[in-house]
Structures are given as C-alpha cells and as structure tokens.
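2 protein chains.
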Amino acid sequence: MADAGDIAQAAKARPHERLAEALAREMDEVNALIAERMASEHAPRIPEVTRHLVEAGGKRLRPLLVLAAARLCGYEGPFHIHLAATVEFIHTATLLHDDVVDESTRRRGRPTANLLWDNKSSVLVGDYLFARAFQLMVQTGSLRVLDILADAAATIAEGEVLQLTAASNLATDESVYLKVIRGKTAALFAAACEVGGVIAGAPAAQVEALRRYGDALGISFQIADDLLDYDGDAGVTGKNVGDDFREGKLTLPLIKAVAKADAEERAFWRRVIEQGRQQEGDLEHALELMHRHGTLAAARADALAWSARAREALTHLPDVPLRHMLGDLAEYVVARIS
Amino acid sequence: MADAGDIAQAAKARPHERLAEALAREMDEVNALIAERMASEHAPRIPEVTRHLVEAGGKRLRPLLVLAAARLCGYEGPFHIHLAATVEFIHTATLLHDDVVDESTRRRGRPTANLLWDNKSSVLVGDYLFARAFQLMVQTGSLRVLDILADAAATIAEGEVLQLTAASNLATDESVYLKVIRGKTAALFAAACEVGGVIAGAPAAQVEALRRYGDALGISFQIADDLLDYDGDAGVTGKNVGDDFREGKLTLPLIKAVAKADAEERAFWRRVIEQGRQQEGDLEHALELMHRHGTLAAARADALAWSARAREALTHLPDVPLRHMLGDLAEYVVARIS
C-alpha cells in the first residue's frame, strides 16, 4: 500500500540498522558480554542451546534500545552494556519458554531448541538465562533498575498466562488484548528504554518519556504485526495470511469485528474461533466481515496513533541524532502497514 | 535400622514441626504474603495453579530456615517475612518446571499442575512466580540479598541442566553429583540461611556459618534421600525401592559402585544404565554389587559427615533455643538412614 512517500521512505529505511551502526562499538561489547555469560563451565548443554538461538541473530532491538536511551541521556558507561545484555537474556529466555508453550518448530529461520534438543532443555536453559540476567543487573548496583526489570518480568509472565487463557475466548476485549501485547512486547521495550535513562541518571521527566516511548513503540509494533497476519504480503512478512485466524488467536482486527457482530456473525465467530471448527472459505468470510465493519482500518489507525505517541514522547528528550533515529524507528514499525 | 537411641530420637522427632511451632506467628505472616502475592488481577489461571501446589503443603522448610536464621541473629523484622516468601516462591517455581521436565504425574500427593492444566501453564506460572520472587526481594532494598539469591538461582538452573545431561551417563563422578545436588537442594537451603543472616545485619563470620549450615544440611538431606531409594522402607519413605535405578539416575551409591567396578560389572552397568535395557533380577544384582563394594555404607557415611559439618557450623552462632532446633534438624535428616 506504499504510495508517494516511497522515496522519503527508502531514505530512512531500516532505521534499526542505522541504530546498530551508530552504536556498533558498544554492541560489540554487549555481544562479548553475552558470549561470556552464557557459558557454563559445568553444563555444556547450556551454551549449545543458547548459541543456537543467540547466533541466529534477530535484530537485537532490545539491547539497542538500552544503549540508545543511555547514550541519548549522556551516559558514558559502563553499565548500559550489562543492561543491554540483561534484556537480551530475558528476551532469549522468553523465546525458549514460548517455543515450548507454542509447540513451535521454527524460530529465526532455524529449527527451535525444543525440536533439536527437547522441551526439558528449553525450560531449564531459559531458567538459567533468567538467572544470568538477574546476576547482570545486580552488578549495576542500582535498586531502581532491579525494581523496573522485576516489574517487567512479572508483566511479561502475566501477559503470557493471560494470552494462554484468552485463546479461543470470544469474551477477550481490547483491554485484555492490550495487556497481552504489553506482556508480549511492550513491557520489555519500555523497561529497556527506562533503565537506559535511569542508569544515565537522567531527570525524572526524561526517564518517564523514555518509558512512554518504549511502551508505545512496542504496542504499535505488535498491533502492526497482528494486522499483517490478515493484510500482509507473505513474501515480505514471512508469515502466511490467516495463521492467527487458523490458530483461533484473538488479535485486534478480530476482536473489533466480534464487538460489532450481529447474531449471525456471532454464530460464525463462535464456530470458527471458540469451537475451532473451520472449513474452506472461512478465512475469506472473516476478512469480508472485517472489511465490512472497517476493523482492519481501525486497527491500522490504532497502530499509527501509538506510533505517533511514541514520537511525541521523544520531544521531551535531548535533540541529538540518536533521538531522530528512535523517531524513525517508530515510523518504521508502522511503515509496513501504511 | 533404629537401635538403642530410639527414645532420645522420639523426644526430638520431627524438629521441623517444632521449628514451625516456634516461628508460628511469623509463618502466618509469610503465608498471608504468599497468598497476597500469588494473586493476579488479570490472569486467574495463575492463583489456580499456584494454590493447587502451595496449599498442598509441603514442610515449608525453606521459609522456616530464613526465619530461623534471621531470628537467631536477633532480627525483629520485617524483611525476613519477604525473604521467606521469596524462597518459597522460587522453590514452587522450580517444582512447576521440574514436573514438566520429569513428566511427573504426582507431587505432594496430588496430581501435578502439568497434568491438571497443561505444560504451558506450568512453564508460564513458574516464570510468573520467579518474577514475583524477584519483586519481593527487591523490596528488601538489600543488594547483597539480591546478589546471593541471583547466584542461587543460577546454581539451581545449572544443576538442573547438568542433571539432565548426566542422566544415564556412567562418566558422572562424585564431583558432578555434588554439583547436581547443590543445584537441586543445597543452593536454596544455603541461600535461605545466608539471607536470613544478612538481613539481620549479622557479623560476617555468622553469615558464613549460616551459609555453611544450609549447604551441608541440603547435601546431607539429598544424599540420605538418594540412599533411601536403594535402602528404604517404602511404607515410610513413600518411594519404591529402585525408582532411581529404573530411571537410570546416577546417584551416590551407584556412582561409587561404578567407580569400583571390574570389567564384567562395567558391562552390567552399561547395559542397565547407559543402554537402559533392564530385566528381572537386575535391581537385585545392582544391590548385591553395592553391598559387595560397601557403597551403600560409604554413601551413608558421607551423609552423616555432611550432617556433622552442618552441626559444626552452628557452633559459630549464638547459643539460643533456635540454634538447637537447627542442630536437631541436621540430625533428623540422617535419622532415617542411621
């Protein structure tokens, strides 16, 4: 759906890569610390499993957010490195546990750890990475940082349990959805930005702005991701249209459609989502209902509004190049759906 | 195998119950805090799963150790309550994850959570309890407490992974076994005692003595437990003789027997443990080999030596009634095998 903005878009394409470039020296330190701390003298299974996942890459977005937030507030180090490694460990641990929960078979283009080793290794190595993350943050000596990350860890776990129990449940409303995606994505984005500001000793207003930026960025990112499941180009997104629908997941476009359903439509949603009895043509009918009620457009508008909120939060921060890269990042996460 | 010491034994039977009685008022506070913090406004599945496990009881040994250590060093509160709840949450979280790893079906006389709900709930509710434990310890405001518990969490997870990879591996020696049982039992016992002393502001020598007590108590307890699997009365222990043997677990009596094996005996151990090909009479032959090499008696001597070490550590602590109850506890864990 890209239009006249294409050229401007291309110029600022892939802002996370420009962030990574601007913070390359520090990301090298983060990667070295990650390699050092994922080692286990006694249990070689641990680095095997972790390396499989860590070396597969991913965008390293969460450590980049920590580094950017800290540098933006004038911090010279060294503890932003520890905190960047901390959030990557927490993220990797949640991926290991998610793959057990989702019974996934692919992650970052490779077979998942639970498939290569077993569920046991995924659960226990995830626990080990949580513990290592915890040790890293204690090293910063900041109780406030520990407080923020402990709260984030609780929000993440609570969101995951909520997602599990909300699955296939048509009573799931937008407020539950928001809690689920805060747990899934926004809580760690927000904590990454906030601890960057805290470790830099930034004023309260800046720390709060960083937290709001991370929260809004994460929410915007996740709504866009969920929208692409109904409205994306599989060649670009790497997802098949309708995967969430087939799994009975209640994401925003569907939740909004259920809220506007008449009796006949409700019966349809009950059959395909609650009872999971799907047949040929159901996805097409679901898409037609979403278009009829304008819920894809409404979800898109929500994602854009959260992206705008993320950029607004940045106006409270020092006007340096890193701030503009973070602003571009907030635009980029919704560029895919604009 | 009890003998003339029977009467003295009976008088000090079940010292954990006397500890619980001496600390009853504080344990009430701990239980109230546990109930409060395991609640989740958003995800009712969380208290359902946790209540199932927490209300089944268990001896609450770990929180009692925190309370006893803190009170022994003259602490009046309030943060020993938080730390007692913390260690119980960590313990409950590891039980939830263990049941997924072991594919268990019974725990504390009830069906396990993974059987009643699913593996997903066990993994995610375990993660939630870890996060809640983490929040509770941050509330104490003590970085030293956080440091101790972060290290314990890493030792626990590392020990569990090590146990997984050591299973059915005849190369497992006594030093690996010690690391596994430290992870499984002793690390949290030691941390519970140590943080009790730290929060009380006890002198370094007392804190160190508490740590050594908890470590030795945990090791002694676990060796005794593993010994009972070969030498216990099923009616008393609730375990069937030979469970560990049938699962190919390498516990101390077996490790010692493998170390003394001649070529023919090694072939036997390879078949029944490494290859897991067991037949009628194998358990009896294994027991005969253990008796021949005196490994059951040697493991018993090790458990008693660790129990004595635990009691020796107590001599560095104030001579008050709680100290004697802790001493009785160290005797009690080996009374079953004496």
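Protein chains in written order, with our numbering: chain A, 1074 to 1411; chain B, 1074 to 1411. Just so you know, even glycine gets a beta-carbon here, dropped at the ideal spot from N, CA and C. Small disclaimer: the values here were computed from a predicted structure and weren't measured.
Shown here, A:Met1111 sits in coil according to DSSP, grouped into three states, outside any helix or strand. The beta carbon of A:Gln1236 sits closer than 8 Å to the beta carbons of Val1253, Gly1256 and Lys1257 from its chain, once the five residues preceding and following it are set aside; these are given in chain order. Using a CB distance cut-off of 9 Å, A:Glu1233 counts as an interface residue toward chain B. Counting every other CB atom within 10 Å of its CB across the protein chains shown gives A:Thr1245 a total of 16 or more, marking it as buried. When secondary structure is reduced to three states using DSSP, A:Lys1329 falls in the helix class. Within chain B, the C-beta atoms nearer than 8 Å to that of A:Ile1119 come from Glu1231 and Val1234, in chain order. Contact between B:Met1111 and B:Pro1117 is ruled out by a C-beta separation of about 12 Å, above the 8 Å threshold.
Runs of alpha helix (DSSP H) with 4 or more residues, each lying fully within the stretch 1154-1242 of chain B, are found at 1186-1189, 1192-1212 and 1216-1239, listed in chain order. The Cβ-Cβ distance between A:Phe1318 and B:Asp1200 does not fall below 9 Å.
Closest by C-alpha distance to B:Leu1219, out of B:Asn1192, B:Tyr1250, B:Leu1156 and B:Glu1233, is B:Leu1156.
Taking A:Ile1154 as the centre and dropping the five residues before and after it, the same chain places the C-beta of Glu1099, Glu1102, Val1103 and Leu1106 closer than 7 Å to its C-beta, in chain order.
With a beta-carbon spacing of about 14 Å, A:Pro1088 and A:Tyr1286 fall beyond the 8 Å limit used to define contacts. Using a Cβ distance threshold of 9 Å, A:Leu1222 and A:Thr1159 count as a contacting pair. Looking at the backbone, the Cα of A:Ala1225 and that of A:Ala1264 are separated by about 6 Å.
Shown here, B:Ala1273 sits in coil according to DSSP, grouped into three states, outside any helix or strand. Put simply, the backbone Cα of B:Lys1329 is about 13 Å away from that of B:Ala1374. If you look at A:Thr1368, you'll find it in the alpha helix (DSSP H) that goes Thr1368 to Leu1387. The Cβ atoms of A:Ala1359 and A:Ser1380 do not sit closer than 9 Å to each other. When the Cα atoms are used, A:Ala1370 and A:Leu1251 turn out to be separated by approximately 18 Å. Within the model, the alpha-carbon separation for A:Val1198 versus A:Ala1383 is close to 34 Å. Contact note: A:Ser1380 does not reach chain B at a C-beta cutoff of 8 Å; the least C-beta distance is about 25 Å.
Taking C-alpha positions only, A:Thr1238 is separated from A:Asp1355 by approximately 24 Å. About 6 Å separates the Cβ atoms of A:Leu1390 and A:Gln1279, confirming a contact at the 8 Å cut-off. In the DSSP annotation of this structure, the continuous segment of the alpha helix (DSSP H) that includes B:Gly1400 starts and ends at Pro1394 to Ala1408. Taking all protein chains shown into account, A:Ala1141 has 16 or more neighbouring C-beta atoms within 10 Å of its C-beta and is therefore buried.
Only Ser1194, Val1196, Leu1197, Val1198, Asp1200, Tyr1201, Phe1203, Ala1204, Arg1205, Phe1207, Gln1208, Val1211, Gly1214 and Leu1216 from the stretch 1194-1218 of chain B bring a Cβ to less than 7 Å from some Cβ of chain A.
Residues of chain B whose Cβ lies closer than 7 Å to the Cβ of A:Ala1223 are, in chain order, Ala1204, Phe1207, Gln1208 and Val1211.
For B:Leu1300 and B:Leu1137, the gap between their C-alpha atoms comes out near 25 Å.
Within the same chain, and ignoring the five residues on either side of B:Val1268 in sequence, the residues whose Cβ sits closer than 7 Å to its Cβ are Val1139, Leu1156, Val1218, Ile1221 and Leu1222. Distance from the Cα of B:Val1407 is smallest, within the candidate group B:Leu1377, B:Phe1152, B:Ala1277 and B:Ile1229, for B:Leu1377. By the Cβ neighbour-count rule, B:Gln1352 is exposed, with fewer than 16 other Cβ atoms within 10 Å of its own.
Annotation: the continuous alpha helix (DSSP H) that includes B:Ser1248 extends over Glu1247 to Ile1254.
In the DSSP assignment, B:Ala1143 falls within the alpha helix (DSSP H) that extends over Leu1134 to Leu1145. Those residues of the stretch 1342-1358 of chain A placed with their C-beta closer than 8 Å to a C-beta in chain B do not exist.
The Cβ atoms of B:Ile1163 and B:Ala1108 do not sit closer than 9 Å to each other. In the structure shown, the three-state DSSP call for A:Val1122 is helix.
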